[in-house]
Amino acid sequence: MITNDQLADPWTMPLEDIDVSEPTLYSQDAWRPYFARLREQDPVHYQATSPFGPFWSITRFADIVEVDKNHQDFSSEPTIIIGDLGDDLPVEQFISMDPPKHDVQRRAVQPVVAPKNLKDMEGLIRSRVCTILDDLPVGETFDWVEHVSINLTTQMLATLFDFPFEERSKLTYWSDLAAGTPELTGGDGDPEERMAGMQDCLATFTRIWHERKASGEDSMDLISLMQRDPNTGDMVDRPMEFLGNILLLIIGGNDTTRNSATGGVLALNENPAEYEKLRANPALIPSMVSEVIRWQTPLAHMRRTATRDVEFQGKQIHKGDKVVMWYLSGNRDEDAIDNADEFIIDRANPRHHISFGFGVHRCMGNRLAEMQLRILWEEIMKRFSFVEVVAEPERVRSNFVRGYATLPVKLHAL
Amino acid sequence: MPSITLIEFTGETHTIEAEIGKSLMLNAIDQGIPGIDADCGGAGACGTCHCFVESQWQGSTGEADALEESMLGMRPDRTEYSRLSCQIDVSSDMDGLIVRLPEDQM
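Residue numbers (the working numbering), protein chains in the order written: chain A, 430 to 843; chain B, 379 to 484.
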């Protein structure tokens, strides 16, 4: 494992040696200058060797949009993370499918995050946020990740699946296991533990599927929606597709919002003038939420695979090559976003960021994520004058999930 | 300059003098019309500038291309009148055009 002082100087090392798949760049939060150099000098960058094999890095905002839009040339199959899945657990999921199969499976579950359903859920989410915040100790050091971010997103996820509420911590556990191995994303998860966890996940959801089917209730949870749609109504009979889509929805609804819920606290602490702006004008919360999602970029990349030889920005990409869109870099591209390295809660156009991706795979739950974060901050501002970060966060070792394992904080009452 | 009317879901009506050659989305945003997000900035890649073009105007606004079709296809409120306003370039024959905006962008 490389440590921070072993990382080469980003501006003098040979360009061809810059390997942005190195997970230490993220666990040590050292990635910024490496991407800055690539955006400036080699925006479509070929990495000949890496633990994940050769791959292309797309680092500029506009180029990422082009690749993300072009699902004919840049396929989401067989997978959308940099590491290959391997043969031991060949899951299939609609994020890793191209149209038309992607479209019908996505449409089946999309109603759960449709605006009308979100309005119905707002009161429930707010009451849960209030309970979580009211239970926190004022003036004592505690871990924001565990007590707020994980707690909030896991409760939400249990609701979306109508998963047994008292067993909901399993959802977080499976989510962390699913994409956390060295082969997939450079994480430090154990492949055997992952396999056991994935089997438990599949068995649990298969049981829930059959119980729900037998109950005959006409509810709006994700499992019921899949059962009602003719395109997905028999998915339980295709276990790898069932597991894949369950994992997609678990990770999509969990890791992402969780890390933005933590990232916002960190960003405001690192930028006290912005915290001051927020205190003076809580109406900035919706705009701040978009800025937090950009600043955090909870998923650092999405991968595509070239379906044919393509010339792109003067580079020859070959059929079968991995093409990795670094959303984390696109969100720092000065050509697309003014003062992109800065956290500014009242930007002119805060929604213009790349964290949700673009094209047919654009994040399905984006409005739900924004709503959860908006409610969280509305309720925080009603209770606390300062959520103070009292020690450095511990960051997740992964080139995919850009997140936090811990963030020690202390609350100050209003 | 063609005169274009945008009607919000609430019924609120806005009439703008639109610039020819510029997209309907940019015309609306630049004149401060609410109800369009346009997260991707006009690449036709996010679906958040959705609008409904009244049938008699569909000839002048043209048809959605494949990418626009696939983005529209994921919207639960999609109708035969659905378009992405960033993919409609304002032209001289759009004087009097009426478009309606959806309840929500997503």
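We treat Cβ as the ideally placed atom computed from N, Cα and C, and that holds for glycine. Predicted model only: the values in this text are computed from it and were never measured.
- If only uninterrupted alpha helix (DSSP H) runs of at least 4 residues are considered, those enclosed by the region 541-581 of chain A are 544-563.
- For the pair of segments examined, the region 500-507 of chain A was found to touch the region 726-738 of chain A: the number of CB pairs separated by less than 8 Å reaches three.
- Not one beta carbon of chain B lies nearer than 8 Å to the beta carbon of A/Gln-801.
- Annotation: A/Leu-651 to B/Met-472 spans about 43 Å, alpha carbon to alpha carbon.
- Between the alpha carbons of A/Gly-693 and A/Glu-703 lies a gap of roughly 11 Å.
- Contact residues of the region 770-798 of chain A toward chain B are Arg-780, His-781, Phe-787, Gly-788, Val-789, Arg-791 and Arg-796 (C-beta to C-beta distance below 7 Å).
- Here B/Ile-398 is exposed. Its C-beta has fewer than 16 other C-beta atoms within 10 Å.
- Think of a sphere of 7 Å around the beta carbon of B/Gly-419: the chain A residues whose beta carbon falls inside it are His-781, in chain order.
- With fewer than 16 neighbouring CB atoms inside 10 Å of its own CB, A/Pro-443 falls in the exposed class.
- Counting along the chain, A/His-747 sits inside no alpha helix (DSSP H), nor does DSSP assign it H or E at all.
- Beta-bridge partners of A/Glu-817 (DSSP): A/Lys-839.
- Look at B/Ala-442 here: in three-state DSSP terms it is coil, with no helix or strand label.
- Interface annotation for the region 519-539 of chain A against chain B: Pro-528, Asp-532, Arg-535, Arg-536 and Gln-539, criterion Cβ-Cβ distance under 8 Å.
- The beta carbon of A/Leu-836 sits closer than 7 Å to those of Asp-572, Trp-573, Val-574, Thr-691, Val-694, Leu-695, Val-818 and Pro-822, all from its chain and outside the five residues before and after it, given in chain order.
- Under DSSP, no beta-bridge partner is assigned to A/Lys-599.
- Between the C-alpha atoms of B/Ala-423 and A/Trp-806 there is a straight-line separation of about 29 Å.
- With fewer than 16 neighbouring CB atoms inside 10 Å of its own CB, A/Ser-644 falls in the exposed class.
- With fewer than 16 other beta carbons inside 10 angstroms of its own, A/Asn-710 counts as exposed.
- Within chain A, the residues Pro-544 have their CB atoms less than 7 Å from the CB of B/Glu-481, given in chain order.
- Near chain A, meaning a CB-to-CB distance below 9 Å, the residues of the region 412-441 of chain B are Asp-415, Ala-416, Asp-417, Cys-418, Gly-419, Ala-421, Gly-422, Ala-423, Cys-424, Gly-425 and Thr-426.
- Residue ranges of uninterrupted alpha helix (DSSP H) with 4 or more members, entirely inside the region 619-659 of chain A and ordered along the chain, are 620-644 and 651-657.
- Under the Cβ criterion (8 Å, minimum of three pairs), the region 598-607 of chain A counts as touching the region 680-688 of chain A.
- For A/Val-494, the nearest CB of chain B lies under 8 Å from its own CB, placing it at the interface with that chain.
- Excluding sequence positions up to five before and after A/Asn-660, its CB lies within less than 7 Å of the CB of Val-533, Gln-534 and Ala-537, all in the same chain and listed in chain order.
- With a cutoff of 8 Å on beta-carbon distance, A/Trp-485 and A/Tyr-475 are scored as near each other.
- Taken in chain order, the complete beta strand (DSSP E) segments of 3 or more residues contained in the region 748-806 of chain A are 751-755.
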